[in-house]
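Here the sequence shown is numbered in this note's numbering, starting from 28 and rising by one per residue.
Below is one structure, written out as structure tokens; comments come after it.
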Amino acid sequence: MTVLKPLLRILAWFILSAVSAVGIAACGIYIYLAPELPDPDELRRIELQTPLRVYSADGKLISEFGEKRRNPLSYAEIPPSFINALLASEDDGFFEHIGIDFKGLARAAIELIRTGEKRSGGSTITMQVAKNYYLSSEKTFTRKFTEIMLALEIEQYLSKQEILELYINKIYLGKRAYGIEAAAQVYYGKSIHELNLAQIAMIAGLPQAPSAANPINNPRRAIDRRNYVLARMLTLNMISQEEFDQAARAPVTARYHGPTSEIIAPYVAEMVRREMVAQYGDAAYTAGFRVYTTVDSTSQTAANRALQSGLLKYDRDHGWRTPKPMATLQTLAVTDTPELAEWLKKADARYDIDWPATLEEWNSRLLARDDMGLIAPAIVTRVMPEGAWVLQQNGERWLPFSAMLWAKPYINVNVIGAEPTSPADVLQPGMEIWIEETSAGPLLAQLPEAEGSLVSLRPADGAIQALVGGFSPSSNQFNRAIQADRQPGSAFKPFIYSAALAHGFTPASIINDAPVVFEDAGLEATWRPENNSGKFYGPTRLREALYRSQNLVSIRILNQVGPHRAIRYIESFGFPRHKLNADLSLSLGASAVTSMELATGYAVLANGGFAVTPYLIDRIEDDNGQLLYQARPAVACRNCPEPATDPITGEPDANAAIHAPRVMDERAHYLMISMLKDVVTRGTGQRALVLNRDDLAGKTGTTNDQKDAWFAGFSPDLVATVWVGFDQPVTLGRWAFGSNTALPIWVDYMGTALADKPPRPYEQPDGIVSVRIDPVTGLLAAPGQKDAVFEYFREEDVPKELARPARQPDNEGQPAAPEMIPEQLF
């Protein structure tokens, strides 16, 4: 006993010395590192990097941009079941410790001494917050001590709830997801509140290895980690045995969900992205801006469907371009057994690519294909006499022969072959094809080669209601709505006629529709323009010439007005002057413009004659919902009072409405509207009559050799332009015109976009009168004349002369001698 006392005394002094040494070392390290420690109170003011989000006018998500997907939650919004899962997985003593788990640190130290390796064990959630917000991920003693000291300070400044809130919003959980709400959306396409216990445990287990052990990259490892979390919850009495058993047996249901767009509007999203980057630089991707566009979700959805449906129909009408098989398989069986590789070996099949080993991998391959809207990819697996089996994302499905009867072989744009007699005439095993879902069932499809665009504006202020720049941005990022300059053809004629009405013409003015020849030394050949019909109609009233789309009348109108004078008038409609040809070809729409520019011009016609500027961004908010920008467009307003002015400065009130300038006399506008309505009721736009509205007006357009097909039209509430053509201008075919190629798309779109807007008549302004005229001469009708028609005039332009009883013979098809127009006018 006497011997033991000195030994115990020595041991006690040794322990005391060791503890003192550790304490002194800790104090020294603190004194050394303390000046460099950040202020933990800054965490309350921290701004999390969140992506740029783009919304429709009615608050539906269009897209998001930025490397870090994040949806911050407050502590009160965190489901209790997730808090339990997270604490069981990461730090079950979180609400009891002071920021440091001494047992965990001791365990990590012993492991370091035993293995010689520095590991991350022993970190509490508070320590992870310190690391995530302030420190690097390097594993050094200095960083670990700094982490510990920061954790202690954080616990002094913040509540446990605040610390947990910071953690769940900052932690990286794989697949660009930062925070638990973003992870729930990425892996399950749902909010964290909608997940079941197995899914919650899966996300709670991700912080340890978010890239290597997430359920998409490594499902097996993710299951192991999930079940570990569940087991810890069971041990800590957070869940029952029954709940554990059910969740631990649950299959992996995670798959990648990209940004959850509620509306498909990729061209709109890209336009916003460019504007935001131009204004805010790289901060656009990280500052959490929320951009609300003018796009109406219903109209945008209708525009997507209408353009894709129209292009798919045009494509079907021009035949089946047989795709090359993905593999030279005779047969490919896809059954409930997933091991396709084994089947292929037994079948001794020869193939050109590495076939995936399982049905799951096949589905992943199909899922990897870019979204194409109305059509989805498929692989032909077996061809039968009555149809074919095709593989899509969720297994095999039957494609009946009736769904491929349209697939007559494409020979050229004007010629197709005979109707197929069997499925084998169309499909082979191994072909990659497309399927369109229709009300009648699946329909064989192919990716169209022809392209198109649709732009729709609110005429009152130019707000973009819908915009589609092509069949799919996945196949080509080129935005044809704003980047493609194409000749509008006859769709440009209303602006020539508007210029004529502004310079003394009336709807009853007579213009001779007769041959004309242009001679110019700069031209390779003499130009002899014709009407599309190839006929000449002789003297024709302006109204008739417009709804018949007579080219020669348009040329003579512009010749009389003068190209330069007409351009000065037309550019006020929103057309860039440098794009307008200062010659007579302008009358036939030979000046290339974009779909947006044409829609802007038609908005003037739709809104009563006021020039508006298209705009897409309605407002911008920061991450806290504070308003950063609010659009103030100029608004078309008839009979509106002048804006109020500041009584001191005389400047317009900053909050007063901005009035769009009038660029078209209201009486000339009314005459033009009445003529364009006739295009719909009597002319090339009659397909629009199916909408059963009396407030529609517009104009078709087809360029030389049918390289471009257009329809531009409107009601008082909405304007839309549709273009169809090939990116490299070639003919759409001899039977493709604006009336049968572009107009059906316009009708499909407007039918939905105007569904909740009742017809609205255009108000007849003062100074417009309606009188009976002779339809041949445009003069006042003789008393009792049976074929007289009513026509609108400005009251000072009413004809004074009566028509003669004797009638001129109809000279249709009997052209007069060609008139020579001097080259200086061309």
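Glycine included, each C-beta is placed from N, C-alpha and C at the ideal position.
Remember, it's a predicted structure, so these values are computed and weren't measured experimentally.
Helix, strand or coil at residue i [DSSP, three-state]
i, result
"L454", "coil"
"M399", "strand"
"L745", "strand"
"W762", "coil"
"K726", "strand"
"Q653", "coil"
"V803", "coil"
"A405", "strand"
"E476", "coil"
"A740", "In the sequence as displayed, the identity of residue 740 is Gly instead of Ala. G740: strand per DSSP, three-state reduction."
"A228", "helix"
"A683", "coil"
"I795", "strand"
"M411", "strand"
"G561", "coil"
Cα-Cα separation, residue i to residue j
i, j, result
"V631", "P486", "7 Å"
"L177", "D309", "30 Å"
"Q587", "G805", "18 Å"
"G639", "S576", "Reading the sequence as shown, one finds Val at residue 639 and not Gly. Computed Cα separation, rounded: 27 Å."
"T328", "L88", "13 Å"
"P475", "F753", "10 Å"
"N254", "D323", "45 Å"
"R659", "A739", "26 Å"
"Y59", "A277", "Note that Y59 scores a pLDDT of 42, beneath 50, so its modelled location is shaky; the value from the coordinates is reported in the next line. Those two C-alpha atoms are separated by around 51 Å."
"L607", "M691", "19 Å"
"Y642", "Q492", "10 Å"
"A415", "T408", "8 Å"
"L338", "A736", "12 Å"
"L191", "N98", "15 Å"
"S614", "Y697", "21 Å"
"A296", "G479", "18 Å"
"I438", "Q755", "19 Å"
"P826", "Q657", "51 Å"
"S108", "G652", "29 Å"
"M777", "P521", "20 Å"
Counted within 10 angstroms of its Cβ, other Cβ atoms place residue i as buried (16 or more) or exposed
i, result
"T448", "exposed"
"R259", "buried"
"V213", "buried"
"L807", "buried"
"T567", "buried"
"S560", "exposed"
"Q335", "buried"
"N196", "buried"
"F532", "buried"
"P688", "exposed"
"Q155", "buried"
"P743", "buried"
"E91", "buried"
"F498", "buried"
"S766", "buried"
Short Cβ contact (9 Å threshold) for residue i with residue j
i, j, result
"D775", "R332", "yes"
"A405", "W347", "no"
"S288", "S483", "no"
"A84", "T321", "yes"
"A112", "A210", "no"
"L494", "M623", "yes"
"E446", "P427", "no"
"P515", "T313", "no"
"A231", "E123", "no"
"T349", "A518", "no"
"Y294", "Y82", "no"
"V543", "L585", "no"
"L200", "N245", "no"
"A780", "A330", "yes"
"L703", "L528", "no"
"I27", "I181", "Since the first residue shown for the chain is 28 and the last is 853, residue 27 is missing from the structure and cannot be characterised."
"A715", "V707", "yes"
task: Please confirm if the stretch 586 to 595 is in contact with the stretch 444 to 457, defined as three or more CB-CB distances below 8 Å between the two stretches.
output: Contact fails: fewer than three Cβ-Cβ distances are below 8 Å.
**Message:** With three or more C-beta pairs closer than 8 Å as the rule, is the stretch 262 to 270 touching the stretch 282 to 296?
**Reply:** no
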